[in-house]
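Counted from 1, the sequence shown has number 161 at position 177 by the working numbering; the numbering is strictly sequential. We treat Cβ as the ideally placed atom computed from N, Cα and C, and that holds for glycine. Bear in mind the structure is a predicted one, so any value in this text is a computation, not a measurement. First comes the structure, then the notes that go with it.
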Amino acid sequence: MKCLRALEKQSLSSHITDYEVVVVDDGSTDGTKEWLADSALEFPHVRLFEQEHAGPAVGRNLGVRKARGDLIIFIDSDLIVNESFIASHCKTINRAWKLRGDRLVFTYGAVVNTSNFENPASEKHKFTDLSWAYFATGNVAIDRKLLEQSGLFDTAFDLYGWEDLELGERLRRMGFKLIRCPAAVGFHWHPPLSIEQVPALVRIEKERAKMGLIFYRKHPTLRVRFIVQFTFLHVLLWEFLSLGGLLSIPRLTPLLAWLIHKGHHGLAMEILRIPLNRIGVRAIYKEASSLGFR
């Protein structure tokens, strides 16, 4: 709701004639389709497409194929954008197209993480918001035709993680250049950490490990191996930081619960990342071993 309302309140520049908001419903069961149908007058730019649950890669591909514009801007449903979001992307990418003489660029906006649901835009940009990802679909704009030429998202990524970065590797090989666009701000809302979320976070790490191995098998480079943490250095790092597994999730749970109770959700999440990363690294090696792959 907040995401779509922010997209309806865009301040457009003179060279933007119109825009559409393509929403892909990936088999939701939370009443999204019904709510959109009842709120159609509030969202004149929205075009809704539905699919059976198939994951983000299939959903994004459907959205690209149904889109009518020349420029595709990807955001997720938990992102609330500022009023100049679309205009900023358009201005920055148009300038880059003219300077380069081709369209082999994509613009990467700023993403600010926040757990403030009532007023997400009040969150300030933090060091922890910095991303070194080459192509992440939380806030990027790219030429539609060239995106289609890249082959779109690989639907082999049917679990959580890496489908956007894998596409990024193909874009890199096509000669694409990343152009930062800090004026296009997306406030990424996520609920503050709770103990109840931990099992889901563990599941996600295991899914990321499986998808990470697919990523590496498609692009067997040292760069990708480091991205997905499929190196002996990562094994050593997380074994060391977790004290050989001594700092496990069950042992850390009382500390995490105390920090959460005291309102230190961010610190609790950073501590939790230690055993989560160990779980992820061990899972990718286990998956590789089961496939007879090193």
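Straight-line gap, valine 65 to asparagine 78 (C-alpha atoms, nearest Å): Locating residue 65 in the sequence shown gives position 81, where the first residue counts as 1. Locating residue 78 in the sequence shown gives position 94, where the first residue counts as 1. Whole-angstrom Cα-Cα distance: 20 angstroms.
Cβ neighbours of leucine 63 in the same chain (closer than 8 angstroms, five flanking residues each side left out): For this step, residue 63 is matched to residue 79 along the sequence shown. These residues qualify, in order along the chain: Cys(-13), Val95, Gly122, Asn123, Gly170, Phe171, His172 and Trp173.
Beta strand (DSSP E) runs contained entirely in the stretch 91 to 136, provided each spans 3 or more residues: 123 to 127
Presumed contact (8 angstroms Cβ cut-off) between threonine 91 and isoleucine 163, rounded CB distance: Reading the sequence shown from its first residue, position 107 is the one you call residue 91. Reading the sequence shown from its first residue, position 179 is the one you call residue 163. That pair is a contact at about 5 angstroms.
Rounded separation between alanine 184 and glycine 152 - CA only: In the sequence shown, counting from the first residue as 1, residue 184 sits at position 200. In the sequence shown, counting from the first residue as 1, residue 152 sits at position 168. Roughly 27 angstroms between the two C-alpha positions.
Secondary structure of phenylalanine 58, DSSP reduced to three states: As a working note, residue 58 is residue 74 in the sequence shown. Of the three classes helix, strand and coil, the one that applies to phenylalanine 58 here is strand, per DSSP.
Residue nearest to aspartate 86 in terms of C-alpha spacing, selected from Leu130, Gly196 and Gly11: Looking up residue 86 in the sequence shown gives position 102. Ranking Leu130, Gly196 and Gly11 by Cα distance to aspartate 86 puts Leu130 first.
Cβ pair arginine 192, tyrosine 144 closer than 9 angstroms: Taking the sequence shown and counting its residues from 1, one reaches residue 192 at position 208. Taking the sequence shown and counting its residues from 1, one reaches residue 144 at position 160. Taking 9 angstroms as the Cβ cut-off, arginine 192 and tyrosine 144 qualify as a contacting pair.
Proximity to lysine 190 [Cα-Cα], best of Gln213, Asp54 and Cys165: Here residue 190 refers to the residue found at position 206 of the sequence shown. Answer by Cα proximity: Gln213.
Closest Cα partner of lysine 161 within the set Phe224, Val208 and Ala80: On the sequence shown, position 177 is the one that residue 161 refers to. Ranking Phe224, Val208 and Ala80 by Cα distance to lysine 161 puts Ala80 first.
Beta-carbon spacing of aspartate 142, alanine 120 below 9 angstroms: Within the sequence shown, residue 142 is the residue found at index 158, counting from 1. Within the sequence shown, residue 120 is the residue found at index 136, counting from 1. Against a cut-off of 9 angstroms, the Cβ pair of alanine 120 and aspartate 142 comes out as no contact.
Contacting residues, own chain, Cβ-Cβ under 8 angstroms from isoleucine 244 (five flanking each side not counted): In the sequence shown, counting from the first residue as 1, residue 244 sits at position 260. Excluding sequence neighbours, isoleucine 244 sits near Pro176, Leu177, Ser178, Ile179 and Ala252.
CB of valine 182 within 9 angstroms of CB of isoleucine 255, strictly: As a position in the sequence shown, residue 182 is number 198, starting the count at 1. As a position in the sequence shown, residue 255 is number 271, starting the count at 1. No.
Identity of the residues DSSP links to glycine 159 by a beta bridge: As a first step, residue 159 must be located in the sequence shown, where it is residue number 175. Per DSSP, none; premise fails for glycine 159.
Exposure of lysine 335, with buried meaning 16 or more beta-carbon neighbours within 10 Å: One cannot answer for residue 335 here, as it falls past the ends of the chain, which runs -15 to 278.
For leucine 260, the nearest candidate out of Ser274, Leu231 and Asp9 (CA to CA): As a position in the sequence shown, residue 260 is number 276, starting the count at 1. Here the closest residue by C-alpha is Leu231.
Contact under 9 angstroms by Cβ, glycine 53 with glutamate -8: Along the sequence shown, one-based indexing puts residue 53 at 69. Along the sequence shown, one-based indexing puts residue -8 at 8. Not in contact: glycine 53 and glutamate -8 (Cβ atoms no closer than 9 angstroms).
Which residues DSSP lists as bridging leucine 32, in chain order: What you label residue 32 is simply residue 48 of the sequence shown in a count that begins at 1. BP columns for leucine 32 point to Val7.
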